[in-house]
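Here the structure is laid out as structure tokens; the discussion comes afterwards.
Residue numbers (my numbering): -6 to 289.
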């Protein structure tokens, strides 16, 4: 479903993103109807439609993306039965660029590929429950691609920054030699060619939950080093980059709220409170910094 019609972006040359190219944001909102406990709690078919601070959950991330000057296209990946519930959300977005609904596929990789179809420029991938997404985080991801010639950027937040925002939240942290980090469910990709890295995730499920997929990405020696916490985040990303043949850069965001998603009633209450706090201080600046890359 296209809200407006506009030609696709110009092709991007290999080796990183070119400054100034328009961006497509892919929002992953899929999930089997009726299977999500939070959605059932609010009488919705999908989590992305759960009310949060007076609006459907997905409206928060879409609003931030639609207002960002670099974003020209939005693609929401979701099951077809949720389309009707999203039409009202889309009708209230700023009327600039392309907005479309793309039917979610059987697994995460195919859903991303389908949402990226027809777009030759850079991509930003996030989830519908990332209601605290900030313009500063989008800026940081784009700056990482532009400044380092990385092909993929992965947003992370340190344990200290996350606990400073929400000390009671049970978030999974990945331990490295330099610090512990939480994923922010925010990924920037320089162009469609870099999406081939996602093939390592094919087959569904979580990456860390399948030993074979982990081994394919890291290799046995690297996996042992990770288990022993003998490498830093940047060094681990450099090793993964070498095995996948892509330049992957970790982006460490100062704002720990970027690692908090809405996935249960507890996190729903936490995020709602943080949104109210953000609205009370609209001029607050969310800072971000890029992690060290193995590629100059």
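Positions of the beta carbon are idealized from the N, C-alpha and C atoms, including for glycine.
* Considering residue 309, what are the terminal residues of the alpha helix (DSSP H) in which it resides? -> Since the first residue shown for the chain is -6 and the last is 289, residue 309 is missing from the structure and cannot be characterised.
* Asked: beta strand (DSSP E) containing residue 66: first to last residue?
  -> The residue you call residue 66 lines up with position 73 of the chain shown. For residue 66, the enclosing beta strand (DSSP E) covers residues 64 to 71.
* To do: Count the CB pairs spanning the stretch 151 to 165 and the stretch 60 to 76 that are closer than 8 Å, and state whether there are at least three.
  => Between the stretch 151 to 165 and the stretch 60 to 76, the count of C-beta pairs closer than 8 Å stays below three; the two stretches do not touch.
* How would you call residue 165, buried or exposed, if buried means at least 16 neighbouring beta carbons within 10 angstroms? -> What you label residue 165 is simply residue 172 of the chain shown in a count that begins at 1. Exposed, by the Cβ-count rule.
* **residue 81, buried or exposed, once every other Cβ within 10 Å from all chains shown has been counted against 16** => Position 88 of the chain shown, counting from 1, holds the residue named residue 81. Looking at its Cβ environment, which holds fewer than 16 other Cβ atoms inside 10 Å, residue 81 is exposed.
* For residue 243, which of helix, strand or coil comes out of DSSP? -> For the purposes of this step, residue 243 is identified with residue 250 of the chain shown, where counting begins at 1. In the three-state scheme derived from DSSP, where H, G and I count as helix and E and B as strand, residue 243 is classed as strand.
* May I ask which residues mark the beginning and end of the beta strand (DSSP E) holding residue 232? => Within the chain shown, numbered from 1, the residue matching residue 232 stands at position 239. Note, residue 232: premise wrong, no beta strand (DSSP E); alpha helix (DSSP H) at 226 to 237.
* The beta strand (DSSP E) enclosing residue 127, as first and last residue numbers -> Within the chain shown, the letter at position 134 stands for residue 127. Taken as a continuous stretch (DSSP letters only), residue 127 belongs to no beta strand (DSSP E), as it is neither H nor E.
* Asked: In its own chain, which residues sit with a C-beta less than 7 Å from the C-beta of residue 23, not counting the 5 before and 5 after it?
  -> By one-based count along the chain shown, residue 23 stands at place 30. Result list for residue 23: 70, 71, 72, 97, 104, in chain order.
* Cα separation between residue 119 and residue 256? -> Locating residue 119 in the chain shown gives position 126, where the first residue counts as 1. Locating residue 256 in the chain shown gives position 263, where the first residue counts as 1. Rounded to whole angstroms, the gap between the alpha carbons of residue 119 and residue 256 is 14 Å.
* Between the CA atoms of residue 241 and residue 233 - distance to the nearest angstrom -> The sequence position of residue 233 within the chain shown is 240, counting from 1. The sequence position of residue 241 within the chain shown is 248, counting from 1. Between the alpha carbons of residue 233 and residue 241 lies a distance of about 8 Å.
* Looking only at its own chain, which residues have a Cβ that is under 7 Å from the Cβ of residue 259, when we skip the five neighbours before and after it? -> Here residue 259 refers to the residue found at position 266 of the chain shown. Excluding sequence neighbours, residue 259 sits near nothing in its chain.
* **Simplified DSSP assignment, three categories, for residue 170** => The count along the chain shown starts at 1 and reaches residue 170 at position 177. Secondary structure of residue 170 (DSSP, three-state): coil.
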